[in-house]
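Chains as they are written, first to last, in the numbering used here: chain A, 1 to 179; chain B, 1001 to 1179. Working notes, structure below.
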DNA sequence: ACTCACATGTAAAGAGTTACATGATTTT
DNA sequence: AAAATCATGTAACTCTTTACATGTGAGT
């Protein structure tokens, strides 16, 4: 399941442009699958070249043509085949945790900064989830609700753990002097 | 913070070979930072070329020379500079959640399989964490304990959420027929 | 007899991120 | 007057993954 496939899935909800899909990635998929324009536009071009989506160009004044994509029956088949995979991955890549592993080489200040910034990022995710639930909750399929629920459960668990155990960690950080 | 830097950090704990570091990645770092031989060996070669680690070659019979790496003062400086970054990332890339988003396009059987496999993987992580705590708990720095604690909190939160909400999701999956 | 652990490395392929390139309209 | 939104795309770069390549010794 790569960016192409996720784009295909998003298009089952209705036609959209690359720009629209980017918004969708940011608002609902961002916490577990991110993609920038540099991934999305080539993905759509590739899907179109393989007949998995159709593209309708809508001329505009000043701006580039708006290209609206819609999924084809062949695209739907490819998507369903992808959804049939029994073991989709769930991977974490955390420079945050890698940093924490070496907390004993950091000063208490450095550690506090890293921990506080993580909490701040978690809280911005909380706001994102709240926003999603207040605006899009009704129009989206149940699977989306589930992923938002998991996202929230995950960040709350992390926040709680940091708040309950962070101070203990700071007691073991290095002194300010870097000998 | 890339594979190179994590290797550098691991070497602050004592000298090790690429093979040893791979073990370390699997047993303690795997849940938030994975790396294979194809990343580790080139990383060590690059660190050695830049004088951040020293390499001692130990001839062996039959097997390739065992190359034992140790961190240099310059390497330590580079590591400390890396640990000074205030906003280390924490990224999730989940084909699992991406699949769940489109649960309404899957059969109840497909969905159950995906959910069960995820639970099974979570349980194998639980065992890994137990093993770590029973064997390496004492020798590792406090930061490691913290990361294992977060890892456990995260997978438990996910497991709980799936167990409490998974059946509700299955009520909304597609019928077996793919029209 | 077979498989697992030990032990290192290269090369090609695959995927994503970042920076660049352009420019009108709408909101603050 | 500045900033954000709309709107698309390419090219270079970075990084990881996978497959290949080789071979011994110990345990089951």
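We put the CB at the ideal spot given by N, CA and C, even for glycine.
Under three-state DSSP, which class holds residue i?
i: residue 1168/B; result: helix
i: residue 1135/B; result: helix
i: residue 1005/B; result: helix
i: residue 147/A; result: helix
i: residue 1130/B; result: helix
i: residue 15/A; result: coil
i: residue 1160/B; result: helix
i: residue 113/A; result: helix
i: residue 972/B; result: What is shown of chain B runs 1001 to 1179, which leaves residue 972/B out entirely.
i: residue 1179/B; result: Any reading at residue 1179/B is ruled out, since the residue's pLDDT is 35, under 50, leaving its predicted position unreliable.
i: residue 10/A; result: helix
i: residue 140/A; result: coil
Starting from residue i, find everything on chain A with Cβ-Cβ shorter than 9 Å and list it in chain order.
i: residue 1117/B; result: 86, 87, 88
i: residue 1100/B; result: 88, 143, 144, 146, 147, 150
i: residue 1172/B; result: 141, 142, 143
In the DSSP assignment, what residue or residues form a beta bridge with residue i?
i: residue 1090/B; result: 94/A
Which residues in chain B sit within 8 Å of residue i, going by Cβ to Cβ distance?
i: residue 94/A; result: 1032, 1033, 1088, 1089, 1090, 1091
i: residue 169/A; result: 1142, 1143, 1146
What does residue i reach in chain A if we use C-beta pairs closer than 7 Å?
i: residue 1011/B; result: Residues of chain A passing the Cβ test: none, with the nearest at roughly 11 Å.
i: residue 1149/B; result: 161, 165
i: residue 1001/B; result: 95, 98, 99
i: residue 1006/B; result: 98
Which residues in chain B sit within 7 Å of residue i, going by Cβ to Cβ distance?
i: residue 110/A; result: 1083, 1084
i: residue 154/A; result: 1154, 1157, 1158
List the residues of chain B whose Cβ lies closer than 9 Å to the Cβ of residue i, in chain order.
i: residue 114/A; result: 1083, 1085, 1086, 1087, 1088
i: residue 52/A; result: Those within 9 Å of residue 52/A in chain B number zero; the least Cβ separation is about 15 Å.
i: residue 44/A; result: In chain order: nothing, as chain B lies at least about 17 Å away.
Segments of 3+ residues assigned as beta strand (DSSP E) that fall wholly inside the region 1017-1078 of chain B: Counting only runs of 3 or more, we get 1053-1058, 1066-1071.
Validate contact between the region 1138-1155 of chain B and the region 1074-1082 of chain B using beta carbons, cut 8 Å, 3 pairs: Verdict: no, contact absent.
Cβ pair count under 8 Å reaching 3, the region 119-132 of chain A against the region 1063-1079 of chain B: Taking 8 Å as the limit for Cβ pairs, the verdict is that the region 1063-1079 of chain B does not touch the region 119-132 of chain A.
The region 22-34 of chain A / the region 1095-1104 of chain B touching (three or more Cβ pairs under 8 Å): Short answer: they touch.
Meets three-Cβ-pair contact criterion under 8 Å: the region 1-17 of chain A and the region 39-47 of chain A: When Cβ pairs closer than 8 Å are counted between the two stretches, the region 1-17 of chain A is seen to touch the region 39-47 of chain A, the count reaching three or more.
Inter-stretch contact (C-beta, 8 Å, three-pair minimum) for the region 1151-1166 of chain B and the region 146-164 of chain A: Touching, per the Cβ criterion.
Three or more C-beta pairs below 8 Å linking the region 1049-1058 of chain B and the region 1069-1076 of chain B: Yes: at least three Cβ pairs fall under 8 Å.
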